[in-house]
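Encoded as structure tokens, the structure appears first; notes follow it.
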Amino acid sequence: MDDETKSIAPKELKELKRVYEKLCLWSEKFKIIERLTTIEDEILNLHDSSFNNEKCGKCNELELLFSTKKRLNEELEQIRNRPDQHIRVQDVAAAFKSLGKKVSKREILDMMWEVDEKLDNVVDWDEFSLMFARNIHDNTGLEPAGFYHMVQFMIYDRDDNGKVSVDETMNMLYARVGREKMETIIIKLFGDGDGSAFKEEGSQGGEIDFNRYWDVVEREQMKRFEESELGKTLLEKKRKK
């Protein structure tokens, strides 16, 4: 393991591996999971409706749905067990789509290029963990972070509902940055944007979606850059022009 990745806390490393395994071949898994969700809803609706043994039409429909569900789960397991476990361009695109964030193909290609150290058009575990380590230690705002922002959100989103809660975020941040910095980050993510304390409400103290998260972390990264020595120098040169 690279020296930079050794600094990732064990708890965070475990969650990072979870997200990596999820993203590997995600475009193929995502399509199956979407179909499974639809089938499970249909099964639930049929179970909720009143029927008896004489209504064989619904019985046959349920049997077909259960059979399809079994087949799709088997296909999903086959994908998870394939030896070529890595992240491709289409997997990143599918991940952003599943999170409700619109990004262009050019933006996705740029994110991949920034992480793909081996230039083989895929991201493996070494590249993935190195990207994460570099970003969590970046104090300048210069490290390419689009890919990282998506991954960090998915790490926070432990219940996989497409949102991150105060509880989930605090759980991961405390070990890395300590209580004071954790509270500052929480206020920025979940507050009203004026730096004041926020009111905990809703599920797990309040939740935000990926678009809200993205806007906040992109803004904070720009602030870090502007406050860095290089950022100050470039801004000063710009003012003198």
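Counting in the numbering used here, the sequence shown runs from 109 upward without gaps.
Quick reminder that beta carbons are idealized off the backbone N, C-alpha and C, glycines included.
Keep in mind the model is a prediction, meaning the values are calculated, not measured.
Each residue's CA atom was taken as its position, placing Lys289 and Val324 some 16 Å apart.
If you draw a straight line from the Cα of Val272 to the Cα of Leu207, it is about 11 Å long.
Lys209 carries a coil assignment under DSSP once its states are collapsed to helix, strand and coil.
Residue environment analysis places Ser237 among the buried positions, since at least 16 neighbouring C-beta atoms fall within 10 angstroms of its C-beta.
If you ignore the 5 residues before and after Asn229, its C-beta comes within less than 8 Å of the C-beta of Arg196, Val197, Met220, all in its own chain and listed in chain order.
Beta-bridge analysis with DSSP links Glu315 to Ser273.
Comparing C-alpha distances from Glu276 to each of Leu144, Ile147, Asn319, Tyr264 shows the shortest one belongs to Tyr264. In the three-state reduction of the DSSP assignment, Ile116 falls in the coil class. Assigned with DSSP and collapsed to three states, Val230 falls in coil, not helix or strand. Following the DSSP letters along the chain, one finds Ile263 inside the alpha helix (DSSP H) bounded by residues 254 to 264.
In the pairwise beta carbon analysis, the stretch 329 to 341 is classified as touching the stretch 241 to 260: at least three pairs are separated by under 8 Å. Checking the DSSP bridge columns, you'll see Ile195 partnered with Val231. Of Thr146, Ile141, Leu343, the smallest CA-CA separation from Ile187 is found for Ile141. Boundaries of the alpha helix (DSSP H) harbouring Leu343: 337 to 348, taken from the DSSP string. Ile295 and Val274 do not touch by the CB rule: their CB atoms are close to 10 Å apart, not below 8 Å. Assigned with DSSP and collapsed to three states, Asp246 falls in coil, not helix or strand.
Distance between Phe298 and Glu315, taken at the CA atoms: about 8 Å.
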